[in-house]
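Enquirer: Provided herewith is a single structure, encoded as structure tokens, for subsequent inquiry.
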Amino acid sequence: MTQVTPAMIKELRERTGVGMGKCKEALEAAKGNMDLAIENLRKSGMATAVKKEGRTTNEGIIANAMKGSTVALVEVNAETDFVVKNERFQEFARNVAEEIAATNPSSLDTFKGQKFSKDKGLTVEEYRATLVQAIGENIQIRRLKTFSKGSDKSVGIYSHSGGKLVTVVEITGSSGEEEFAKDIAMHIAAAAPEYLSEKEVPPTIVANEREIAKSQVKGKPENIVDKIVDGKINAYYDAACLLRQKYIRDDSLTILDLVNKRAKEVGKPLVVTAFLRWGVGQQ
Numbered sequence: 058m059t060q061v062t063p064a065m066i067k068e069l070r071e072r073t074g075v076g077m078g079k080c081k082e083a084l085e086a087a088k089g090n091m092d093l094a095i096e097n098l099r100k101s102g103m104a105t106a107v108k109k110e111g112r113t114t115n116e117g118i119i120a121n122a123m124k125g126s127t128v129a130l131v132e133v134n135a136e137t138d139f140v141v142k143n144e145r146f147q148e149f150a151r152n153v154a155e156e157i158a159a160t161n162p163s164s165l166d167t168f169k170g171q172k173f174s175k176d177k178g179l180t181v182e183e184y185r186a187t188l189v190q191a192i193g194e195n196i197q198i199r200r201l202k203t204f205s206k207g208s209d210k211s212v213g214i215y216s217h218s219g220g221k222l223v224t225v226v227e228i229t230g231s232s233g234e235e236e237f238a239k240d241i242a243m244h245i246a247a248a249a250p251e252y253l254s255e256k257e258v259p260p261t262i263v264a265n266e267r268e269i270a271k272s273q274v275k276g277k278p279e280n281i282v283d284k285i286v287d288g289k290i291n292a293y294y295d296a297a298c299l300l301r302q303k304y305i306r307d308d309s310l311t312i313l314d315l316v317n318k319r320a321k322e323v324g325k326p327l328v329v330t331a332f333l334r335w336g337v338g339q340q
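Counting in our numbering, the sequence shown runs from 58 upward without gaps.
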């Protein structure tokens, strides 16, 4: 059994909005298993909106850059916020993002092993090591991602809180919709969707949500249980799927409505094909 600590209780409180006492009880009943404690709270009806993004203890920044048709994102972590604000750290993050945009590496490991273009005597990993030595704090390139623009594809980026949170949206159908894509990226920063559409939600997740919904309606007349459960599943889709979410600037429109409206305005079929939402230290 994992010992239940104040930090675990605080995390469960932040992720579920349930009172500290109930969080402590839930963790103790789940023998310290955070995911099980959350599921049990949901089944009991106490936790209705759960923040699914756990945090690590890392500080850092998510830098972005564009070179030609490639848009690059990279998360660089340090041990303290003090170092993150250091100009040498900021320069390193910018340089790394620009390098990714210029070379479009196939993986993080490949990128670390390649030569750094601004100093070909060093690999990217060796460049990182020189910064660690100079600053005296562990610095890591945690993850990277690239998107490709094209003749019929637009990519919009939104960076919040100095690179602590970055969102990206890819739209096909036109090459001139960067600002529109950025508007949707801003929505994603606030609304935190998990999937593009209900088609992307894994069947295991849907089955689990259905079981939770059934637990919440125990005791209801059998003839209305299925209807209530179906309604809860639809509500889950509305919250978790980007295209079904209400647009934060106009809740009379879903994101799908917004995209279709824009498509009519520009006279081109527009489709949101991908999105990304990264927060520093998030899983």
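Ideal Cβ placement from N, Cα and C applies to all residues, glycine included.
Check whether the segment 177-189 and the segment 200-218 are in contact - that is, three or more C-beta pairs closer than 8 Å.
Expert: no
Enquirer: Tell me the rounded alpha-carbon separation between N161 and R200.
Expert: Going by C-alpha positions, N161 is about 13 Å away from R200.
Enquirer: Which residues mark the beginning and the end of the alpha helix (DSSP H) in which Y184 is found?
Expert: V181 to I192
Enquirer: In chain order, what residues of the same chain have a beta carbon less than 6 Å from the beta carbon of T224, not counting five sequence neighbours either side?
Expert: Y215, A242, I245, A246 and R334
Enquirer: May I ask you to report which of helix, strand or coil DSSP gives R112?
Expert: Low per-residue confidence applies at R112: pLDDT is 43, beneath 50, and the placement is therefore not dependable, though the value from the model is reported in the following sentence. Looking at R112 - three-state DSSP - the assignment turns out to be strand.
Enquirer: When the Cα atoms are used, what is the spatial distance from T114 to G170?
Expert: Bear in mind that a pLDDT of 41 at T114, under 50, signals an unreliable position, so the model cannot answer this.
Enquirer: Distance check for A331 and I198, CA to CA, integer angstroms please.
Expert: 23 Å
Enquirer: Give the straight-line distance between the Cα atoms of E110 and G220, rounded to the nearest whole angstrom.
Expert: Bear in mind that a pLDDT of 45 at E110, under 50, signals an unreliable position, so the model cannot answer this.
Enquirer: For V223, which of helix, strand or coil comes out of DSSP?
Expert: Looking at V223 - three-state DSSP - the assignment turns out to be strand.
Enquirer: Quick one: Cα of E96 to Cα of I269, how far?
Expert: 8 Å
Enquirer: Where R112 and P63 are concerned, what is the direct C-alpha to C-alpha distance, given to the nearest angstrom?
Expert: Low per-residue confidence applies at R112: pLDDT is 43, beneath 50, and the placement is therefore not dependable, though the value from the model is reported in the following sentence. Cα to Cα, R112 sits roughly 16 Å from P63.
Enquirer: Would you tell me roughly how many angstroms separate the C-alpha atoms of T261 and E234, rounded to the nearest one?
Expert: 35 Å
Enquirer: For K210 and K88, what's the separation of their Cα atoms in angstroms?
Expert: 49 Å
Enquirer: Give the straight-line distance between the Cα atoms of V329 and V61, rounded to the nearest whole angstrom.
Expert: 43 Å
Enquirer: Helix, strand or coil for S218? Go by DSSP, reduced to three states.
Expert: helix
Enquirer: Return the CA-CA distance between P278 and V75, expressed in angstroms with no decimal places.
Expert: Spanning the alpha carbons of P278 and V75 requires a straight line of approximately 28 Å.
Enquirer: For E85 and V316, what's the separation of their Cα atoms in angstroms?
Expert: 46 Å
Enquirer: Rounding to the nearest angstrom, what Cα-Cα distance links K275 and D240 in this structure?
Expert: Going by the C-alpha atoms only, they are around 42 Å apart.
Enquirer: DSSP beta-bridge partners for E341?
Expert: In the structure as shown, the chain starts at 58 and stops at 340, and residue 341 therefore has no counterpart that could be examined.
Enquirer: Between which two residues does the alpha helix (DSSP H) harbouring D308 extend?
Expert: Note, D308: premise wrong, no alpha helix (DSSP H); beta strand (DSSP E) at D307 to T311.
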